[in-house]
Structure formats: C-alpha cells, structure tokens
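K.L.:
Keeping their order, the protein sequence lines are chains A and B.
Quick note on numbering: the first sequence equals residues 14 to 546 in the working numbering.
Quick note on numbering: the second sequence equals residues 315 to 658 in the working numbering.
By construction, the Cβ of each residue, glycine as well, lies at the ideal position given by its N, Cα and C atoms.
Sharing a structure, written as structure tokens. Questions coming.
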Amino acid sequence: MRRFAALYAALDETTRTGEKVAALAAYFREAPPRDAAWAIRFLSGGRPRRLIAAARLRAWAAEAAGVPEWLFEECYDAVGDLAETIALLLPPAARPGDRPLHEWVEDRLLALRGEDEAAQRREVLRAWGELDPAQLFVWNKLITGSFRVGVSQRLVTRALAQASGVDEAAVAHRLMGSWEPSPEWYRQLLSPETGDADVSRPYPFYLAYALEGEPEALGPAEEWQAEWKWDGIRAQLIRRAGQTFLWSRGEELITERFPELAEAAALLPGGTVLDGEVLPWREGPLPFAQLQRRIGRKTLGPKILREVPVVLLAYDLLEWEGDDQRALPLAERRARLERVLGPGGTAGRLLLSPVVPAATWDAVREAHGDARARSAEGLMLKRRESAYGVGRRRGGWWKWKVEPFSVDAVLMYAQRGSGRRASLYTDHTFGVWDGGELVPFAKAYSGLTDAEMREVDAWARRNTLQKFGPVRTVRPELVFEIAFEGIARSGRHRSGVAVRFPRMLRWRRDKRAADADTLETVHALLAAHGARE
Amino acid sequence: MPAEPLLRPTDRGLYCAAGDFHVDPWLPVPRAVVTHAHSDHARWGCGRYLASRQGERVLRARLGGSGAPVRAVEYGEAVEVNGVRVSLHPAGHILGSAQVRVEHRGEVWVVSGDYKTEPDPTCAPFEPVRCHTFVTECTFGLPIYRWSPQAEVFAEIDGWWRANQAAGRCSVLFGYALGKAQRLLAGVDVAIGPIYCHGAVEKLNAEYRAGGVALPPTAGATTAGRGTDWSRALVVAPPSAAGTPWMRRFGEVSQAFASGWMRVRGMRRRRGVDRGFVLSDHVDWPGLEAAVGATGAERVFATHGYTDTVVRWLRERGTEAHALPTRWEGDRAEEGAGEGEAEG
C-alpha cells in the first residue's frame with residue numbers, strides 16, 4: 014500500500030496534468046496487476062461505501078491518540094478533514110509494514126463489513142498500528158468512504174495507455190461498463206489487441222469561444238448560422254458496426270447512462286456520428302437539475318427514466334456512411350444532418366437542434382433576448398462556411414451567452430470548505446428578505462479572490478452567533494451580489510426557488526444588510542424566466 | 315503574592331511595573347526587553363532596548379542601523395533594571411533569540427518569546443529555565459503539530475531539489491528571510507548544486523556569517539549573470555517573492571514552502587506551491603508540553619496562537635493556566651500562512 018499512498022501524495026501535490034499522468038503511468042508500470050486493478054477502481058471514483066460511522070472513528074482515534082474529545086474536535090476544526098486529522102494525531106506506528114494494496118482491501122477493508130462494533134474497533138486499531146502516516150491517511154479515506162483524488166477518468170485512461178502502449182480509445186472502451194478488479198481483468202485491459210476499440214473512437218470536439226462585444230464585428234449576418242445554446246451535456250453519438258457509443262465532452266463514455274438514446278441510435282445506419290446536446294426533455298427542455306438527478310445515480314430504474322426523459326438535440330454530422338464529414342462546410346453538413354434525422358427526428362429521441370431564423374444582426378439580437386424564455390443559455394453563432402475544427406479555435410464558432418441573473422443577498426451561514434479550503438469558512442449560504450426575516454435562497458462558494466476569501470473567513474470567525482457542527486450562523490451584515498444562470502420553482506427549498514450555478518459576483522461593501530433584495534424580487538424573476546419543473 | 319503581578323498585559327505589551335520596562339512591546343515605550351528580531355517582537359521607536367549579544371547584529375539591522383540604542387548582554391548574564399533582575403536565555407528560535415527571565419523579591423517569571431526545542435545549527439539550543447510563572451507561545455498548540463526529525467525533512471528537500479534538477483527546472487524554496495532561510499541553507503546538501511538567495515535573505519545571511527554562523531556559499535539571484543543555468547540551482551526566497559516579476563528570471567520552476575503550517579494538507583494546497591515541507595522554528599505540541607514541564611512553573615500564561623486550547627489542556631492536567639492577550643492573535647493559521655514573517 015506504500016506505493017499507492019505515494020501515488021496518492023504525488024497526485025495530490027501537483028496540479029500539472031502532465032505530472033499527474035506521469036505519476037499514474039509510473040505506478041501502473043510497477044504495480045502488480047492485482048493492486049493496479051484496485052487502484053483503477055478507486056481512482057475512477059469507485060470508492061467503497063463508508064464502513065464505519067464517523068462518530069465511532071472520532072472516539073477511537075481520540076482514545077488511541079490520548080487526547081480528550083474536545084481537543085480532537087479542535088484539531089478537526091483546524092484540519093477540516095477527518096481522515097487527515099486522525100492520521101496527524103495518531104502516534105506513529107512503531108514498525109509500519111508494507112503489505113500490498115489488494116491485501117488491505119480484500120482481507121482487511123472488506124472484512125470490516127458486517128462486523129459488530131467491537132470487532133470493527135479491534136480491526137481498525139490494529140490497522141492504525143501497522144501503517145505509516147501516508148498510508149494511514151489513504152486507509153482512513155477508504156474506510157470513511159471519502160476517498161477522492163483529483164484525476165479524471167481521462168487521465169487514468171491516458172496513463173494506462175502510456176504505461177502499456179495500448180491505444181487510449183481502446184483503454185477507455187474497455188473501462189466501460191461493470192468489471193471486477195482482478196489480475197485477469199487488468200491484463201485484458203492492457204492487452205495489445207485493439208480491434209475492439211476502433212469502432213468506438215470519437216472525434217475531438219470542436220469548442221466555441223465566448224463572444225466579447227457585439228456580433229456585428231463578425232461581418233455580414235448572412236454568413237452566420239444562429240442556434241440556441243442549450244444547457245445540457247455536450248455529447249457525440251456514434252453508431253458503427255452494430256454498436257452505439259455516447260461520449261461526453263470530457264471524453265467519457267456515457268452510453269449506459271442514457272439507454273433510451275442508445276435504443277434510438279440503433280435506428281441510425283452504420284457509420285454515423287452526431288454531435289449535439291443531451292437534454293432532459295418533455296415537449297421542451299426541463300431544468301438541468303433534473304438531468305443531474307439521473308447523472309448522480311449508479312442504477313437507473315424505470316421510475317427515473319420515466320420522470321426525466323432525455324433527448325439528443327443534434328446540431329452537427331461528423332461522419333456519414335463511414336466517411337469523415339468534418340472538412341465540409343457547416344451549411345452542407347447541416348443539410349445532410351437534416352436528411353439523416355428527418356423533420357421529426359429519430360424515434361422522438363434524436364432531434365434536430367433548430368436553426369434560429371435570423372437574417373440580420375438585429376433579428377439575431379432579438380432572438381438572443383428571447384433565449385431565456387426558450388430555456389436556452391444564449392446563442393451559438395457558427396460560420397456557414399466553417400469546417401468542424403479540433404478543440405477550441407477562434408473564428409468559426411462563437412457562444413453568446415445571456416447575462417446572468419443577479420440578486421443582492423445577505424451572508425447567513427458560513428461552512429468550512431473542502432480540499433484546499435478545508436480549514437477556511439468559504440461555503441456560504443445567502444438569504445433575501447421576506448418581511449423582517451432572512452430566507453436562505455442560494456449557496457455559493459466561488460467568485461471571491463483568495464484575499465477576499467480569507468477576509469470573509471476571518472470575519473465569519475469573529476462574528477459567529479452560533480456554531481452547529483461545521484456550520485456557523487453569522488451576524489447578518491455582509492451583502493454579496495449573487496449571480497446565477499437559471500431559476501426554477503422548487504418544493505425542496507424554503508425560498509421556493511432553486512438557482513443554477515450561483516456564485517459570488519462581488520462583495521457589496523457599499524451595501525448594508527437592509528439594502529439586500531427581497532424574496533418578492535426573486536419570485537418576480539421566477540415568474541418572468543422560471544423553467545418548468 | 316503581591317497585588318501587582320510582576321508582569322501584566324497592557325495595550326503596549328507585557329509590562330513589568332517594578333522594573334518599569336516592557337517585554338516585546340508592540341508600540342514605542344521608553345525601555346524594551348526584546349526576545350528576538352522578528353517584527354512582531356521587536357518594534358522600532360523605543361527609547362532603549364535590551365537584547366542578547368548573539369542577536370544584536372540582526373536586531374540592529376532590523377531597527378535601522380548601528381545607531382539604535384541597544385544594550386546587548388550575554389545569555390545568562392543578569393542585569394538590574396530598577397531593582398529587578400533580568401537575564402536572557404537561549405530560546406532556539408533564530409539567531410540570538412532569547413527567553414526573558416525576570417526576578418523580583420524571590421519571584422521568577424520567564425517569557426519564552428518564540429522558541430523551539432529542536433536543535434538548529436544556526437542558533438543556540440533552547441534552555442529550560444526554572445520559574446514560578448512561565449509565559450509560553452503556542453503558535454502550534456495543537457497535538458496535530460508534531461515535527462518529524464529534521465534530518466528526514468532535509469532529506470525530502472534534497473530529494474525534491476535533485477528531482478527538479480533531473481527535470482530541468484529551478485527549485486525555489488520559500489521561507490522567512492530571518493531565521494528560516496538560514497536554517498534551510500545550513501541544512502541542505504550543498505553538494506547538489508549552486509545556491510542563490512533573494513536580496514532580503516542575502517542581507518541577513520551576511521549578518522549571520524558576521525555573527526559566526528557557518529552558512530554555505532550563496533549568491534544574490536539578481537547579481538547572477540544572464541547566462542546562469544537556473545535549472546540546477548536552489549533559490550531561497552521569502553514567501554512575499556512568490557508570484558512577483560522577480561520570479562520570472564528562473565524560467566521553469568518548482569516552488570516549495572517550508573513552514574510548520576505545511577503539516578496540514580489544506581494549507582499546503584491553499585499556498586499554491588508544488589511542495590510543502592514541514593519545518594518550523596516554533597515549538598510543536600510534544601515540545602511545548604515538555605518545555606512547560608521542565609520549567610517547573612506553577613502557573614502558565616499562553617500567548618500567540620492556540621491560547622484557549624493550551625490553557626484548557628493545562629488546566630485539565632492540574633496546572634494553573636491563563637490566556638495572555640496579544641495584539642498578534644489575529645486569525646492565527648491564516649495570518650501565519652500570509653505575510654507575518656515571524657510566523658511558521
């Protein structure tokens with residue numbers, strides 16, 4: 014486990030993608046297959062469920078470290094992470110061992126499941142006595158179900174490809190679906206025979222730049238095609254050799270998340286690749302939050318499939334009859350796309366993302382003003398002559414987003430952040446006035462500079478009215494302008510609304526709490542722009 | 315016990331009425347006894363200063379020159395101040411750092427200033443002094459703060475430097491200009507490559523060398539020629555140099571920060587450096603417990619840091635303990651990780 018703990022530390026230490034991949038690749042080159050298989054499971058987010066209640070661990074750790082519980086809590090307050098607090102507090106193991114990761118997982122970790130409290134305590138204390146601090150931290154993360162590491166599936170895939178020489182797409186394909194971490198599985202994952210992967214390989218996504226300034230600067234309006242900019246998941250749908258693959262923009266395979274799209278795609282001829290947006294949809298777009306309900310789930314039951322139906326709104330054709338279409342001008346690709354999907358789309362699931370009819374920039378501007386009412390984030394402007402590029406390139410595609418909503422709200426609760434903000438109070442809840450009372454309406458944790466963040470943290474500590482676990486109720490004095498992208502009615506929030514992408518736009522030091530907005534204002538926004546639930 | 319305590323907190327700092335002097339005042343006073351030269355302990359504008367002989371040079375450098383009214387005494391040498399007996403004893407924090415022992419009518423107080431109990435080749439080791447009342451700092455007064463043997467820390471630093479060399483990038487190590495920087499210089503493996511320093515560090519290196527502390531050869535980073543190969547070099551700089559145009563000359567760099575705060579992952583990440591090395595000039599938790607015990611003090615005042623925690627811990631163990639307010643309380647960890655040069 015020492016090697017895995019070192020890998021964790023190396024990944025944790027750097028933000029450079031290249032170094033992360035190098036550390037992962039080095040690990041995969043050296044680790045025995047049985048360990049590597051478990052490592053992949055944990056690195057891809059397949060962490061074991063929490064096996065032991067946090068309260069028990071705290072009590073055992075305080076006892077083992079010889080500190081009273083209040084002092085343990087003070088330490089936790091300074092560290093902000095239970096697994097780390099325990100690792101820092103426990104006396105160092107006299108003779109730390111180095112048993113392989115798979116042994117720790119298979120024989121020790123999984124064995125905790127279903128044991129009674131006394132047995133769990135004995136086993137946990139025994140483990141703590143055998144691990145060095147770096148291993149201890151990782152072990153604690155695993156048993157508390159909080160193992161997280163800053164690498165995407167894509168980086169893991171790339172590192173596996175580097176370490177083995179197997180094509181990246183082949184590795185990604187093989188990591189799909191369900192698998193059990195075993196040495197056999199790992200060997201098969203890195204088998205050099207890659208015929209299986211070619212059919213699944215996506216094209217790199219073409220990405221738009223944000224339009225700054227006025228669209229007139231782009232030249233004559235008739236050279237441009239306008240489309241709605243949807244708030245969904247950008248995706249590429251591939252139908253080849255009787256198989257279907259749906260790739261997200263993060264180049265993760267998400268086919269299994271959207272069985273209804275896979276089913277509809279089976280009606281496409283082989284050698285077809287579409288680019289578009291996955292959206293929750295019932296005669297029109299549903300709020301993105303609905304889609305999140307699906308994304309967050311490991312298994313998709315009939316209920317959720319019924320409640321949150323999805324469609325792919327296709328806007329480009331990348332491959333047709335097995336031929337790469339990307340060099341063709343957009344106007345031509347669009348004409349072919351319309352023929353492929355037909356006017357009504359395919360199976361009601363693969364729909365055409367409509368072109369916004371606008372012959373002049375004034376008409377485009379008018380449509381832009383109408384975007385919110387359409388549940389769109391703004392417009393996409395695409396040059397009719399443009400080829401489908403690779404990555405983010407200037408010139409061919411522009412995104413023209415609508416201005417965010419904004420509301421002045423009062424800081425009510427401050428909560429410790431996580432990760433690099435673990436001991437700072439950076440996660441804030443903001444309220445608006447309802448009569449003489451503040452009603453919480455949004456949570457936000459980004460948008461401030463590091464210096465402002467520290468200042469708010471220090472202020473929150475000095476102006477705490479009440480402490481409740483990691484949350485402090487603070488004096489309702491500070492006002493922030495909160496920006497957000499969307500607003501929807503919600504029965505789960507006291508304010509009656511849920512907002513999308515809330516963030517702190519600026520600290521309104523010029524305003525007093527009494528000057529903040531009211532719930533009435535927020536409900537007026539909802540009435541004017543709210544998406545249907 | 316007399317009604318007037320031997321030392322008491324005032325809005326200018328800890329004050330001895332019997333001797334009419336302050337210890338580490340934060341505003342100008344007629345007579346100051348100074349534990350060490352960090353700016354949160356040695357403020358300028360006082361009428362007279364009493365400090366250790368070993369710390370005299372750096373203190374004068376900080377107070378603005380040889381003209382500063384500093385009286386220097388040897389460690390252990392007692393002087394009478396208005397009938398109060400005052401002596402200074404090594405605190406092990408930085409060169410010349412001292413604990414202040416104050417004795418009056420048989421009652422003895424010791425003010426630790428900043429201290430550490432680990433060995434440090436750049437200054438005299440901490441020396442426990444018996445007393446009735448002990449004033450201890452507690453910057454790192456939580457049991458999570460436990461320092462590894464420094465040989466291990468320096469092995470990590472050397473390993474990082476070597477790995478950077480192999481990757482063709484310059485190693486920039488941040489540490490406070492006075493004290494930490496010199497301890498780093500004295501501890502790294504000089505055989506690995508050339509060492510350069512930021513101007514603020516280089517200036518204090520000169521004072522240390524003049525005071526008889528052996529440091530490896532160093533050169534000012536700004537005086538290095540255009541063709542300098544930075545990829546093999548270690549550059550020691552104060553944290554305030556991070557993110558400034560001064561950094562540009564080095565090309566590709568790996569940045570590290572040496573501080574006790576680096577013990578906590580969130581702090582390391584917040585610092586935005588590539589590596590954090592846990593190396594502090596302050597006492598850690600076990601050291602603090604041991605130091606308090608070694609004084610034999612029946613009463614302890616905790617100041618600078620986790621005062622409430624240390625007070626409660628000591629009380630639960632049967633020692634009379636109180637928090638001593640200081641202007642430098644602030645929001646400890648965050649300020650420590652910020653600009654306060656004496657912290658960490």
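Using a beta-carbon distance below 8 Å, is Ser261/A in contact with chain B?
P.N.:
It does not: the Cβ of Ser261/A has no partner Cβ on chain B nearer than 8 Å.
K.L.:
Could you check whether the Cβ of Thr30/A sits closer than 8 Å to any Cβ belonging to chain B?
P.N.:
Chain B contact via Cβ: absent.
K.L.:
Using only the alpha-carbon positions, how far apart do Asp25/A and Gly473/B sit?
P.N.:
So the two alpha carbons sit approximately 18 Å from each other.
K.L.:
State the start and end residues of the unbroken beta strand (DSSP E) segment that holds Cys484/B.
P.N.:
Residues 484–488.
K.L.:
Count Cβ pairs between the stretch 363–381 of chain A and the stretch 323–342 of chain A that sit closer than 8 Å; are there 3 or more?
P.N.:
Segments in contact, yes.
K.L.:
At a Cβ threshold of 8 Å, is Thr633/B touching chain A?
P.N.:
For Thr633/B, the answer is no, since every Cβ of chain A falls outside 8 Å of its Cβ.
K.L.:
Rounded to the nearest angstrom, how far is the Cβ of Ser303/B from that of Val549/B, given a contact under 8 Å?
P.N.:
Outside the shown range of chain B (315 to 658) lies residue 303/B, about which nothing can therefore be said.
K.L.:
Could you name each continuous alpha helix (DSSP H) segment of 4 residues or more that falls completely within the stretch 52–114 of chain A, going from the start of the chain to the end?
P.N.:
Counting only runs of 4 or more, we get 67–78, 82–92, 95–102.
K.L.:
Assuming Phe160/A contacts Arg60/A (C-beta within less than 8 Å), just tell me the rounded distance between them.
P.N.:
Yes, they are in contact, since the Cβ atoms of Phe160/A and Arg60/A sit about 4 Å apart, within 8 Å.
K.L.:
Just verifying my parser: in three-state terms, what is the DSSP assignment at Arg646/B?
P.N.:
Confidence in Arg646/B is poor, its pLDDT being 42 and thus under 50, which makes the residue's placement too unreliable to answer from.
K.L.:
Determine the extent of the alpha helix (DSSP H) in which Glu394/B is found, giving its start and end residues.
P.N.:
No alpha helix (DSSP H) contains Glu394/B, which is instead part of the beta strand (DSSP E) from 393–395.
K.L.:
DSSP on Phe454/B, reduced to helix/strand/coil?
P.N.:
Residue state, collapsed to three classes: coil.
K.L.:
Does the stretch 447–462 of chain B come close enough to the stretch 74–94 of chain A to have 3 or more Cβ pairs within less than 8 Å?
P.N.:
Contact between the stretch 447–462 of chain B and the stretch 74–94 of chain A is present, because at least three Cβ pairs lie under 8 Å.
K.L.:
Who pairs with Thr531/A in a beta bridge, going by DSSP?
P.N.:
Looking at the DSSP assignment, Thr531/A forms a beta bridge with Trp446/A.
K.L.:
In chain B, which residues lie with their C-beta within 8 Å of the C-beta of Glu390/A?
P.N.:
Simply none; closest approach about 31 Å.
K.L.:
Is it right to say Pro228/A is buried, meaning 16 or more other beta carbons lie within 10 angstroms of its own, or is it exposed?
P.N.:
Pro228/A should be labelled buried.
K.L.:
Using DSSP with H/G/I as helix, E/B as strand and the rest coil, what is Ser568/B?
P.N.:
Ser568/B falls in the strand class under three-state DSSP.
K.L.:
So what does DSSP say about Asp25/A, is it helix, strand or coil?
P.N.:
In this structure, Asp25/A counts as helix in the three-state DSSP scheme.
K.L.:
Does the beta-carbon distance from Cys437/B to Gly406/B come in below 8 Å?
P.N.:
For Cys437/B and Gly406/B, yes; Cβs fall inside 8 Å.
K.L.:
Taking only beta carbons into account, state which residues of the stretch 101–117 of chain A come closer than 8 Å to chain B, listed in chain order.
P.N.:
Answer set for the stretch 101–117 of chain A: Leu101, Leu102.
K.L.:
With a 10 Å radius around its C-beta and 16 neighbouring C-beta atoms as the bar for buried, classify Tyr222/A as buried or exposed.
P.N.:
It is exposed - the Cβ of Tyr222/A has fewer than 16 other Cβ atoms within 10 Å.
K.L.:
Let me see if you follow: with CB-CB separation under 8 Å, is Ile458/B close to chain A or not?
P.N.:
Yes, Ile458/B lies at the interface with chain A (some Cβ there is under 8 Å from its Cβ).
K.L.:
Please confirm if Gly482/A has its CB atom under 8 Å from at least one CB of chain B.
P.N.:
Answer no: the Cβ-Cβ gap between Gly482/A and chain B never drops below 8 Å.
K.L.:
Mind pulling the chain B residues with CB within less than 9 Å of Gly283/A?
P.N.:
Correct list: empty, because the minimum Cβ distance to chain B is about 47 Å.
K.L.:
Give the single residue among Leu20/A, Val369/A, Pro45/A, Leu539/A whose Cα lies nearest to the Cα of Ser419/A.
P.N.:
The residue with the shortest Cα to Cα distance from Ser419/A is Leu539/A.
K.L.:
Have a look at Asp470/A, Ala464/A, Val321/A, His441/A and flag the residue whose alpha-carbon is nearest the alpha-carbon of Leu494/A.
P.N.:
Residue 494/A is actually Glu in this sequence, not Leu. Considering only alpha carbons, the answer is His441/A.
K.L.:
Select from Ser261/A, Gln428/A, Pro105/A, Val137/A the residue whose C-alpha is nearest the C-alpha of Leu122/A.
P.N.:
The option with the nearest alpha carbon to Leu122/A is Val137/A.
K.L.:
Hey, how far is the Cα of Gly110/A from the Cα of Gly409/A?
P.N.:
About 58 Å.
K.L.:
Taking just the CA atoms, how far does Ala371/A sit from Ala239/A?
P.N.:
Approximately 7 Å, taken between the alpha carbons.
K.L.:
Based on DSSP bridge pairs, tell me the residues matched to Ser401/B.
P.N.:
Looking at the DSSP assignment, Ser401/B forms a beta bridge with Arg415/B.
K.L.:
Is the separation between the beta-carbon of Val492/A and that of Val510/A shorter than 8 Å?
P.N.:
In this structure, Val510/A does not lie closer than 8 Å to Val492/A by Cβ.
K.L.:
Under three-state DSSP, which class holds Lys524/A?
P.N.:
In the structure shown, Lys524/A sits in coil (DSSP, three-state: anything other than H, G, I, E or B).
K.L.:
Taking the beta strand (DSSP E) that Leu492/B belongs to, which residues open and close that run?
P.N.:
Run containing Leu492/B: none; DSSP gives neither H nor E here.
K.L.:
With a CB to CB cut of under 7 Å and the five nearest residues on each side skipped, what residues in its chain are close to Val403/A?
P.N.:
Only Pro217, Tyr219 meet the Cβ criterion.
K.L.:
Which of the three DSSP states, helix, strand or coil, is assigned to Leu330/A?
P.N.:
Strand.
K.L.:
In the DSSP assignment, find the alpha helix (DSSP H) that holds Pro463/B and state where it starts and stops.
P.N.:
That residue, Pro463/B, is in no alpha helix (DSSP H); it is neither H nor E in DSSP.
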